[in-house]
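Heads up, the thing below is written out as C-alpha cells.
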Amino acid sequence: MQQERTLAAIMFTDIVGYTSLMENNEDEALHALEINRQLISSAINQHHGQWIKEIGDATLSTFHSTLDALNCAFKILKLIADYPNLNLRIALHLGDIVQEEHDIYGDGVNIASRLQHLDPVNGIAISEHFNAQIQGKSNSKFQSIGFPTLKNIKANIEVFIWDQEHKAPYIYANNNVAKENSKKTGNISPKWINITALSIILMAVFISYFYQQNDAVSPQKSFDTTINPINKNSIAVLKFKNIGESNNSYFNEGLSEELLNLLARMKELKVASRTSTWSLPDNINATDVRKKLNVNYMVEGSVRKSNNRIRITAQLINTQTGFHLWSETYDREMTDIIAIQDEIADKVTQSLKILLSAQSRKSISSPKKINALAYDYYLKAKNHLRQPRTLTSLNLSQQYFNKALALDNSLLLAIAGLCQNQIEVYRITLKQSDFDSAEKNCTIILKSNSYKTEMYTAIGNLYLVSGRYEDAEKSFNAALTLDLNSIDALLGLGQTLNVLNKQLQAEQYFKRAIQTEPNYTKTYEFYASYLYKNGNYEKAISQFRKAIVLGTEKSESYNGLGGSYFAIGDLESGINAFEQSLNIRKSKEAYSNLGTAYFMKKQFSRSAKMYENAIELAPNDYRFVGFLAETYEQLPDKIHKATSTYQKAITLAEKTLNINSNDTVTSSSLAMYYAKTGKNNKALNLLKKLSNQDLDANLLYLNGVSYLTTGKTELAVKTLIKAVSKGYPRELLKVDNNFTTLKKNKKFKTLIKS
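Going by the numbering used here, the first residue of the sequence shown is number 327, and it counts up by one from there.
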C-alpha cells in the first residue's frame, strides 16, 4: 500500500457536549451531527481543503496552506452562529503527516487532536508551528497560554488561543515547562476550566431495484410511529382544494407541494412531509391534523384557475385551538404565482413571530414575475413525475418539462426536474443514449448560479448512477443544508454512504427518512434493502412488512419480502411473496425473482420462462440475460444456448460499466460471465480488483462461483467462508448446484455443516 509523507496544515474539530446530548436526546444529537457535517464539509470545500474523515462527533481535514486552514476555521464559526445549540472547538497545527489512501496519521495528527481540548467553546487553538506561519498574514489576535502538557506528546509545544469574546488569555501552568517559560508568556492567571463535554445473488435484483427507485406515493394509510413532543414551530401544508375545473387538479397539488418545499427551506420551521400530509382524508379538522402529524400549525386553502388568472385562498390555523391566525385571498394573474407563494410563506413566518436567518429570507426573495404557461407546464410535468415510474409516465413528464423550458429556459426547477426525469428513464432502459441525455440536462444545472434543494438532489442522483460516489455525497449534503427534511436527499445520501461502506452513517439517514416521512412506503423499502444488503434479514422482513401495510401499490415491497425470506431459507414464503408481487403488477423484478425461486427448486424450465419474460420487459438489463444463461446450463435441450447468452450478458454488462466503472455488482457479475465463457484471464483480473473492495455477502458468494469456475478452488472456498461470515446462508450453499465439485473439500464441508 503506497504511503506518502508530506507537510500539511491539519484541522480537528469536535462538538462540545455531544456525549451528554446523545444520552439525553438522540434525535437532537443526530440532527446536530448532520448540521455539523454539512457546514464543515461546505467550508472545507470553499477553502481548498481535503476532508479526511469523521470520528464520532469530531472531524479531521488537511490543507496545503495555513491561511486556507485558518480562514476555513473562521468560516465554520461564522456558519454555526445560526445554530445556537451547536458549539465547537477547533484546533490547527502544521506538521508532518503520512498519507495512505484516504486516511492520514503521524505525530502531526496526534498533536492537532490534543490541541482541541485546550481552546474555549467556539474558539480556536493553534500550535506554535502554525502560529509562526500566519504572522504578518492575518489580523486575528491569538494569545499564548504557554506550554501545556499534551497527552502522549513528548515535545514541548507552545499553544495559542483565539476566542469569540477576546477574553483574557488562559494558561495551563501545570508543568515545569510552563513555569520555566513564564518570562516568555508573561504572568497570566488561570481563568478557564476545560469543559469536557443463481444462487441467492440472483435475487439481489430486488436490492438494486429499490436503490434505483424514487417513486412518489399516493395518499396512504397511516402507520403507527412514536410521537415526539410537538415542535413549537412545526407546521403542515395540506393539499389545497381545487374549486375550478376538475382537469386542473394537477395545479392545486403542484402549488401545495411548491409552497411546502418553500417553507421546508426555512430551518426555523419543522415542516411535515408531503406524503404524510397528503395521506390525510379530505376535510380533516385541525385537532386530528395535530394528532396525526404532531404539528402546532397547519396551512390550508383553495385554488381556482381560469385561463390566465388564479384565485388562491390561504389560511394559517393553530391546531391546538382551531383558531385562524391569518387568512387572505389572492386574485391575480398567473404570472404572479411565485410572488403569491413567497407572500404566503412570509405571512406564515410573520404570524408565528419567527425571525428568519439571511438564508431563509433569501429563499422567499426570488424573482416575482414568471412565464405563466411555462410554470403551468412545469406543474403538469411534476404531476406525472410523482406517479409510479413507467416509461409512459416519464415520457409525459419529459414532454411537459421540455415545453416549459421552450417558453422559459431559465426556469431552473424545470431543468432540475428534467435532469431527474432522464435519470429515471435510464434506470429503466439502461441505454447509453438515455444516460447521455440525463447527463446533458443535469450539466446545465452545474452551470447555473442558483442553489435549490431539488437541483443538488438531481445532480446527486446523476453522480450516484455514474459511480462518482464522493461527488454524490457532497451534492446530497448540500441539498440537506438547504432543506434538512428533503426525503429525496436523505434517501440518496443513505444509498451513497452505504455504497461507500459507511454503514453506520447510512443507517442514520435511512432512519431519519422514516422519521421524516413515516407514511411513505419507499422509506421503509430503502431501509429494508439496506438491512438486507448488510445481512440483517429478519429486521429487513419486518421493514418490508411495514411497507406493505402502508402501500397502495405493494409489488416492490413483496419482491423485497420474498428475497428476505429466501435469505433465511424460507423458500415457500419467498415464493408466495414473489407470486403476490407478480399478481399485482407484471414487472421485470417480479418475473426475475420468481425465476430465481424456480431455479432454487430445480424447476429450470419454469425458471427460464420467468427470465425470458423479464428480458422482454427489460432487454438491456444484463442481469436477467445472465440469469437466463445460468438456467440454460441446467437444461439439456438449451445448454447449447448458454455460451451465446452469456456473451450477450457480457456485452450489456460492459456497457453498464462504461457508465459506472465503480459498480461492484456489475463487475462481479461480469467476472462470472467471463469465467463461464472461458475468459479466465479477464475474470481473474476483475476478481483481483474486487478483492480490494469491502463487498457484501452476495457479491462474495458470486466471486466464489467465479473463482471455482476458473479452477481456483482454494480462493473459491476462502471467498465463500468470508461470504458466510457476512451473513450468506449456509443452507443455500448446501443446495447450490454450482458447488457439487466441492462436496469432498474438507473446508467446504466444514463450512456448510457449521
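Note that CB positions come from ideal geometry on N, CA and C, so glycine has one too.
Computed from a predicted structure; not experimentally measured.
Expected contact under 8 Å - CB spacing of Asn827 and Lys859 to nearest Å
Their Cβ separation, rounded to whole angstroms, is 11 Å, which puts Asn827 and Lys859 out of contact at 8 Å.
Could you give the DSSP three-state label for Met998: helix, strand or coil?
For Met998, the secondary structure class from DSSP, reduced to helix, strand or coil, is helix.
Determine the direct distance from the alpha carbon of Ile483 to that of Leu816, and round the result to whole angstroms.
So the two alpha carbons sit approximately 43 Å from each other.
If Leu1012 sits next to Ala997, beta carbons under 8 Å apart, how far is it from one beta carbon to the other, in whole angstroms?
Contact between Leu1012 and Ala997 holds: CB atoms are separated by about 4 Å, below the 8 Å threshold.
Measuring only the C-alpha atoms, how far is Asp963 from Gly921?
Cα-Cα distance, rounded: 18 Å.
When the Cα of Glu669 is compared with those of His650, Phe649, Leu642, Gly648, which residue comes out closest?
Looking at the Cα atoms, Leu642 is the closest of the given residues.
How many Å lie between Lys401 and Asn362 at the Cα?
One C-alpha to the other measures close to 13 Å.
Would you say the beta carbon of Asn827 comes nearer than 7 Å to a heavy atom of the ligand ADP?
The ligand ADP is absent from the structure shown, which contains no ligands of any kind.
Whose C-alpha, out of Glu796, Tyr1054, Asn845, is nearest the C-alpha of Lys618?
Answer by Cα proximity: Asn845.
I'd like to know if the stretch 431-445 and the stretch 344-358 are in contact, where contact means that at least 3 CB-CB pairs between them fall below 8 Å.
No contact exists between the stretch 431-445 and the stretch 344-358.
How big is the Cα-Cα spacing for Phe338 and Gly820?
In a straight line, the C-alpha of Phe338 is about 25 Å away from that of Gly820.
In angstroms with no decimal places, state the Cα-to-Cα distance between Thr779 and Val597.
Looking at the two C-alpha atoms, the distance is approximately 15 Å.
How big is the Cα-Cα spacing for Thr388 and Ala369?
One C-alpha to the other measures close to 12 Å.
If we call anything under 8 Å between Cβ atoms a contact, is Asn984 one with Val791?
No, the Cβ-Cβ distance between Asn984 and Val791 is not below 8 Å.
Looking at the secondary structure, which residues open and close the alpha helix (DSSP H) in which Asp702 lies?
Unbroken alpha helix (DSSP H) run through Asp702: 698-711.
Determine whether the beta carbon atoms of Asp445 and Ile378 lie at a separation below 8 Å.
No. Outside cutoff.
How many Å lie between Asn568 and Asn578 at the Cα?
If I take the Cα positions, the gap works out to 6 Å.
Best match in Asn1029, Ile965, Lys729, Gly888 for proximity to Val991 [C-alpha to C-alpha]:
Val991 has its Cα closest to that of Asn1029, out of Asn1029, Ile965, Lys729, Gly888.
What would DSSP say about Phe836, mapped onto helix, strand or coil?
In the structure shown, Phe836 falls within a helical segment according to DSSP collapsed to helix, strand and coil.
Rounded to the nearest angstrom, what separates Gln1001 and Asn350 at their Cα positions?
The amino acid occupying residue 1001 in the given sequence is Ala; Gln does not appear at that position. Rounded to whole angstroms, Ala1001 and Asn350 show a C-alpha spacing of 55 Å.
Tell me whether the beta-carbon of Ile556 lies closer than 8 Å to the beta-carbon of Asn620.
The criterion of a C-beta distance shorter than 8 Å is satisfied by Ile556 and Asn620.
Buried or exposed: which applies to Ser1122, given that a residue is buried once 16 or more other Cβ atoms fall within 10 Å of its Cβ?
Outside the displayed range of the chain (327 to 1080) lies residue 1122, so it cannot be described from this structure.
Would you kindly report the start and end of the unbroken alpha helix (DSSP H) that includes Gly580?
Note, Gly580: alpha helix (DSSP H), 575-590.
Can you tell which of Ile423, Val342, Glu898 has the C-alpha that lies nearest to the C-alpha of Lys927?
Taking only the C-alpha atoms, the option nearest Lys927 is Glu898.
Given Leu441 as reference, the closest of Lys1044, Ile336, Ser346 once Cα atoms are compared:
Closest in alpha carbon position to Leu441, among Lys1044, Ile336, Ser346, is Ile336.
Quick one, which of Glu799, Asn721, Glu584 has its alpha-carbon nearest Ala671's?
By alpha-carbon distance to Ala671, the top candidate from Glu799, Asn721, Glu584 is Glu584.
Inter-stretch contact (C-beta, 8 Å, three-pair minimum) for the stretch 740-750 and the stretch 935-944
The answer is no - the stretch 935-944 does not touch the stretch 740-750, with fewer than three Cβ pairs under 8 Å.
Rounded C-alpha distance that separates Ala523 from Gln831
For Ala523, the pLDDT reaches just 26, beneath the cut-off of 50, and the residue's location in the model is therefore unreliable, although a value from the coordinates is still provided. Using only the alpha carbons, I get a separation of about 22 Å.
Let me make sure I understand the geometry here. Which of Glu956, Asp896, Gly895 has the alpha-carbon closest to that of Ser918?
Checked all of Glu956, Asp896, Gly895; the closest Cα to Ser918 is Glu956.
CA-to-CA distance, Glu426 to Arg331, given in whole angstroms
Between Arg331 and Glu426, the alpha-carbon positions lie close to 9 Å from each other.
Within the continuous beta strand (DSSP E) that includes Val1081, where are the two ends?
Here the chain has residues from 327 to 1080 only, and residue 1081 is not among them.
Could you check what DSSP says for His374 in three-state terms: helix, strand or coil?
His374 falls in the coil class under three-state DSSP.
How would you write the range of the beta strand (DSSP E) that Ala384 sits in, first residue to last?
Element bounds for Ala384: 384-389.
What's the C-alpha gap between Lys673 and Trp652?
Cα-Cα distance, rounded: 8 Å.
Residues near Ile976 by beta carbon distance below 6 Å, same chain, minus five either side
Excluding sequence neighbours, Ile976 sits near Tyr999.
Through-space distance from Tyr782 to Ala723, alpha-carbon basis
At residue 723 the sequence reads Ser, which differs from the Ala that was named. Distance between the alpha carbons of Ser723 and Tyr782: 20 Å.
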